[in-house]
Amino acid sequence: MLTTALTRLFDLTHPIVLGPMGGVSGGMLTAAVSNAGGLGLVGGGYGDPEWLGRELSLAREQANRPWGCGLITWAIKPEVLDLALSFEPAAFMLSFGDPRAHVDAIRRAGCKLICQVQGLDEARLAVEAGADLIVAQGTEAGGHGGQRSTLPLVPAVVDLVAPIPVVAAGGIADGRGLAAALALGACGALIGTRFYAARESLGHDAAKARIVAADGGDTRRTRVFDVVRDYSWPKPYTGRALRNDFMARWDGREDALAASLSAERTAFRSAAAAGDFDTAMVWAGEAVDLIDRVDDAAALVARIARDAETCLRRAAALADGAATATSLPLAR
Ligand SMILES: Cc1cc2nc3c(=O)[nH]c(=O)nc-3n(C[C@H](O)[C@H](O)[C@H](O)COP(=O)(O)O)c2cc1C
């Protein structure tokens, strides 16, 4: 069993956090991850009150262990934050923007504050905000993120913010990734894309099938899906998605897309409603290589934790001189 500052903070069995994937991490997935001993986070995204009310009710009903919620910081409306907090999550995660304006409301609700950061300046803001836990998110991540890679970013954030515990995110989809995160000085892993392809996620079945079929080279950071949906994402954030026809047509031609927006937006909305992912986006990270089937979330949590322990035992044997390093594929 892996006991870390993260498992102690939320009384978890495993140092695994579900990424609050907007519209994908609903109440059932959140509860499934929490009940399996990780920390489930509802993906509130831009803060649609109706969606939040429904999914937070489900999380509260179904979870019998601590769970939480996340919102995109720059899009937060105070009344939506209050609505989410009224469901009494144990943790609230803020990502993408300055968290300081929202700290008082989160504290008043008796909630632990998690801040996801993409670089050292944001990590400093998270420290100033009094974060209980900081997620260092590398550019390999699915969905929105920054430019820094997980491998060097995580230890740099660990060194900068100590003694605040840090969790690694971006490109982690199995026990080897969790073991690597712990070796980098993090106290756990926040995982998104792997749980998108979980049975309980709200992702479309066709999107899950694309994730299972893809490899990491099929993903790319882009702004085109934000332009067509009219979301004014601040710099430097871009979103990593699976390459598709829409991306091939417009990536690098965002000004041309902006100029023909009304027609493109209508077509895009219809495609999204119909589950046509040649046009609509599937946010996904580079670790799609490691995802070869749709699984139950509880099975994923148990397998990732067990395989991380195996990797760490092997690493300990190497350090003790009791084993010789060889390339060892993970048994699936
Ligand atoms: C489909 C999808 C939607 C996401 N939406 C959000 C979001 O609304 N808010 C957020 O903080 N992070 C969001 N993320 C990023 C995750 O929080 C996390 O950083 C990322 O998934 C970790 O990398 P991985 O996908 O390689 O596991 C999203 C990721 C994905 C894949």
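Under this note's numbering, residues 2 to 333 are what the sequence shown spells out, in order. Just so it is clear, CB atoms sit at the ideal spot from N, CA and C, and this is done for glycine as well. What you are looking at is a predicted structure, and each value in this text was computed from that prediction instead of being measured.
{"Check": "Three-state class that DSSP yields for A142 in the structure shown", "Outcome": "coil"}
{"Check": "V43 and A60 closer than 7 Å at C-beta", "Outcome": "yes"}
{"Check": "Buried versus exposed, by CB contacts within 10 Å (16 or more), D321", "Outcome": "exposed"}
{"Check": "Top-ranked residue by Cα proximity to L30, from L95, T14, W68, D227", "Outcome": "W68"}
{"Check": "Heavy atom of ligand 1 within 6 Å of T194 beta-carbon", "Outcome": "yes"}
{"Check": "Contact test: M282 Cβ vs ligand 1 heavy atom, cutoff 6 Å", "Outcome": "no"}
{"Check": "Residue range of the beta strand (DSSP E) that includes P43", "Outcome": "The sequence shown places Val at residue 43, rather than the Pro named in the question. Per DSSP, V43 belongs to the beta strand (DSSP E) from 41 to 44."}
{"Check": "Spatial distance of A16 from C188 (CA atoms)", "Outcome": "Looking at the sequence shown, residue 16 is not Ala but Pro. Each residue's Cα considered, the two are about 7 Å apart."}
{"Check": "V283, DSSP secondary structure in three states", "Outcome": "coil"}
{"Check": "Rounded C-alpha distance that separates G240 from T325", "Outcome": "40 Å"}
{"Check": "W75 at chain C interface by Cβ criterion, 7 Å", "Outcome": "Judged by its chain identifiers, the structure shown contains no chain C, having just a single protein chain."}
{"Check": "Strand pairing of W68, partner residues [DSSP]", "Outcome": "G41"}
{"Check": "Heavy atom of ligand 1 within 6 Å of G48 beta-carbon", "Outcome": "no"}
{"Check": "Beta-carbon contacts of R307 that lie in its chain and below 8 Å, excluding the five residues immediately before and after", "Outcome": "G176"}
{"Check": "Ligand 1 heavy atom lying under 6 Å from the CB of A37", "Outcome": "no"}
{"Check": "Enclosing alpha helix (DSSP H) for T220 [first to last residue]", "Outcome": "Taken as a continuous stretch (DSSP letters only), T220 belongs to no alpha helix (DSSP H), being part of the beta strand (DSSP E) at 220 to 223."}
{"Check": "CB of G193 within 7 Å of CB of V159, strictly", "Outcome": "no"}
{"Check": "Ligand 1 heavy atom lying under 6 Å from the CB of Q117", "Outcome": "yes"}
{"Check": "Cβ-Cβ distance between V213 and A199 below 7 Å", "Outcome": "no"}
{"Check": "beta-carbon A127 near ligand 1 non-hydrogen atom, thresh 6 Å", "Outcome": "no"}
{"Check": "beta-carbon S202 near ligand 1 non-hydrogen atom, thresh 6 Å", "Outcome": "no"}
{"Check": "K113 - containing alpha helix (DSSP H), residue span", "Outcome": "Looking at the DSSP string, K113 is not in any alpha helix (DSSP H); the run it does join, the beta strand (DSSP E), is 113 to 118."}
{"Check": "8 Å CB neighbourhood of L10 in its chain, flanking five on each side removed", "Outcome": "K113, D133, L134, P166"}
{"Check": "Any non-hydrogen atom of ligand 1 within 6 Å of M22 CB", "Outcome": "yes"}
{"Check": "Residue closest to T8, alpha-carbon to alpha-carbon, out of M22, G41, G24, A33", "Outcome": "G41"}
{"Check": "Inter-stretch contact at 8 Å, needing at least 3 Cβ pairs: the stretch 206 to 226 / the stretch 115 to 135", "Outcome": "no"}
{"Check": "Start-end ranges of the beta strand (DSSP E) lying completely within the stretch 182 to 212, minimum 3 residues", "Outcome": "190 to 192"}
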